[in-house]
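Heads up: the sequence shown is residues 5 to 356, going by this note's numbering.
Here is the structure we will look at, set down as C-alpha cells.
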Amino acid sequence: MLETAIALRQNRRYKKPPFTLRERLDQREEELQAIEAAKQAEEAALDAERTLIMDNVFSAYCEAKQGKKSLGNEQGYYRNWIGPNIGTKKLDEIVILDLERIKKKMTTAGRAPRSIQYIKSIVRQVYNFAAERGIYSGAAPTTHFMKKLKMDNKRKRYLSPEEAGLLLDKIKEASLTTYRVSLLSINSGMRFGEIVSLQWQHVNIANRSIMILDPKNEEDRSAFMNDEVLRMFDEMETGAPDEPVFPAKNGTKMTRISETFAKAVKELGLNDGITDRRMKVVFHSLRHSCASRLVNSGVELPVIAKILGHKTIAMTMRYSHVNDVSVRDAMRLLDQQQPGNNKKVANIDSGS
C-alpha cells in the first residue's frame, strides 16, 4: 500500500493519472479486462483455425450427412487417401499440388482413374460444405484438378458360356452359398448389393419373382426366375420373412463376396496375363455376362435395361457391341476388297 501511495503522490505531482486509489483500482480492472479479452480473442482464433482443419471439417460434414447412402464409401476413401495426406492441413493451405500427390500415390497403387476422380468429388463437397456453413470463403483446390480427364472406367469383361460353367462348378466345390449368389447374378443380372439385401419376404417362388427394393438407381423392380434359379430356390430351406436369403457366416447381411470367388477365378486362370482392370473377371462380370447372353439371344435393349435396372437406355448401350450384326457385315466388305479376292463388290454409289 505504501508503494501505491507513493506512486499516486508522484502521479499528482507530475499530473499523470491515476491520481487516486479509486482511479488506480479502476485502471487495474481495465487492464485485467483487456488481458482477458486478448486471451479470449486468441482462443477464438485458435478455435477458428482448428475448425478449418480438413479432418475437423470432414468430421462435421459426416455428422451432417448421416443419411447419405454413399457416406460409407466417402469415409473409406477419406480414411485411406485424403486424411493421411491433407487431413491436418487447414482448408486455405491445401493446394492442387497436394491433390496431385494423392493422385500419384493412387496411380502407383493401381487405383483406377475413376477412384481418383472420386477423391476430387469428396474434397470438393467438403469445401462446399464449409462455404455453406460460413466458415470458409476461399476457392477450392479441386477447380483445375483433373479438369480435362476423360475416362471409361466401366468393366468390359464378360464370360463365355463355357467359362461361366467352369467358374460356377469350381465355386460350388468350395462354397454352396457363394455358388448360389453367383448363379443368381449370372441368371438375373442382379448386382451383388441387391442379392445380399434380399430377404425371404422378397422371394415369391410360386410367381417365380424376386422383389429388388432400394437398388442402386433407387427404383424398385422385379427379377424373374429362370429354370436354374427356380431349381436353386426349391433346394433351399426358406427362412423367416425378414431373414437374409444369403446371410454371412454369423447370420447377418453379407457385406462382400467370399474369397472363394477370387480363388476360383485364379485357379481357372481367367485373369492370367491381363493387366487392364476393366478386362479382369470380378463378381460384377457375372452381371455383364447375363446382359451379353441376353443380347446374343436377340433381346431388345429396352428390355435388357429393364432387367438390369438401368435408368436410361444409354447405360445399356454398352452391351450393344456384343452382337452388332450390322457392324460385322460392314467389316466383311473389307475382306471382299483384299488383293486377290475376285468376289464382286457392290457399287454403293451406283445404288446397286
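Just so it is clear, CB atoms sit at the ideal spot from N, CA and C, and this is done for glycine as well.
Item: Is N275 helix, strand or coil by DSSP?; Value: coil
Item: Within its chain, find whatever has a CB closer than 6 Å to the CB of L274; leave out the 5 residues flanking it on each side and keep chain order.; Value: V285
Item: Look at I199 and L188 and say whether their C-beta atoms are less than 7 Å apart.; Value: yes
Item: Between L103, R195 and R26, which lies nearest to P219 when the distance is taken from Cα to Cα?; Value: R195
Item: My output table needs one value for I88: the three-state DSSP class, helix, strand or coil.; Value: At residue 88 the sequence reads Pro, which differs from the Ile that was named. Helix.
Item: Measuring CA to CA, which of R115, L75 and I57 is closest to I90?; Value: I57
Item: Are the beta-carbon atoms belonging to P145 and I190 less than 7 Å from one another?; Value: no
Item: Flag this pair as yes or no: are the beta carbons of F62 and L103 separated by less than 7 Å?; Value: no
Item: Using a Cβ distance threshold of 8 Å, determine whether the segment 201-215 contacts the segment 302-309, with at least three qualifying pairs required.; Value: no
Item: How many Å lie between M110 and A116 at the Cα?; Value: 8 Å
Item: Within the same chain, show all residues whose beta-carbon is closer than 7 Å to that of K174, passing over the 5 residues directly before and after it, in chain order.; Value: A268, E271 and L272
Item: According to the Cβ coordinates, are S179 and S262 closer than 7 Å?; Value: yes
Item: With a cut-off of 8 Å, do at least 3 Cβ pairs link the segment 164-174 to the segment 225-235?; Value: no
Item: Is the CB-CB distance between Q14 and P22 below 7 Å?; Value: no
Item: Give me the DSSP bridge partner(s) of K3.; Value: This structure gives no information on residue 3, because the portion of the chain shown stretches from 5 to 356.
Item: Starting from M110, trace the alpha helix (DSSP H) both ways and give me its first and last residue.; Value: I100 to T112
Item: Answer with buried or exposed for A318, where buried requires no fewer than 16 other C-beta atoms within 10 angstroms of its C-beta.; Value: exposed
Item: Take the Cβ of G277 as the centre, count every other Cβ of all protein chains shown within 10 Å, and call the residue buried at 16 or more, exposed below.; Value: exposed
Item: With C-beta atoms as the reference, is H288 less than 7 Å away from R159?; Value: yes
Item: For the alpha helix (DSSP H) containing A135, list its first residue and its last residue.; Value: P117 to E136
Item: Span of the alpha helix (DSSP H) holding M236?; Value: D231 to E239
Item: With F228 as the anchor, note down where its beta strand (DSSP E) starts and where it stops.; Value: R225 to F228
Item: Could you have a look at Q70 and say whether DSSP puts it in helix, strand or coil?; Value: coil
Item: I'd like to know whether the C-beta atoms of F133 and Y65 end up nearer to each other than 7 Å.; Value: yes
Item: Hey, quick one: how far does the alpha helix (DSSP H) through I214 stretch, first residue to last?; Value: Looking at the DSSP string, I214 is not in any alpha helix (DSSP H); the run it does join, the beta strand (DSSP E), is S213 to I216.
Item: List the DSSP bridge partners of Q203.; Value: P248
Item: Taking the alpha helix (DSSP H) that L261 falls in, what are its first and last residues?; Value: Residue identity differs from the one stated: residue 261 is Ile in this sequence, not Leu. Counting along the chain, I261 falls outside any alpha helix (DSSP H), and DSSP gives it neither H nor E.
Item: Which residues does DSSP pair with N208 in a beta bridge?; Value: S213
Item: By how many angstroms is the C-alpha of K94 removed from the C-alpha of M215?; Value: 47 Å
Item: If contacts are defined as beta-carbon pairs under 8 Å, then I106 and I126 qualify, I think. What distance do you get, rounded to the angstrom?; Value: About 11 Å separates the two Cβ atoms, so there is no contact after all.
Item: Using only the alpha-carbon positions, how far apart do Y131 and G114 sit?; Value: 27 Å
Item: Less than 7 Å between the C-beta atoms of S301 and Y162, yes or no?; Value: no
Item: Please state the DSSP three-state secondary structure of T182.; Value: helix
Item: Between R184 and M258, how many whole angstroms is the CB-CB distance? I'm expecting something under 8 Å.; Value: With a Cβ gap of about 11 Å, R184 and M258 do not count as contacting.
Item: Please name the residue in C294, E33 and E136 whose C-alpha comes closest to that of P165.; Value: C294
Item: I believe I209 touches D238 by the beta-carbon criterion, under 8 Å. Please report the beta-carbon distance rounded to the nearest angstrom.; Value: 7 Å
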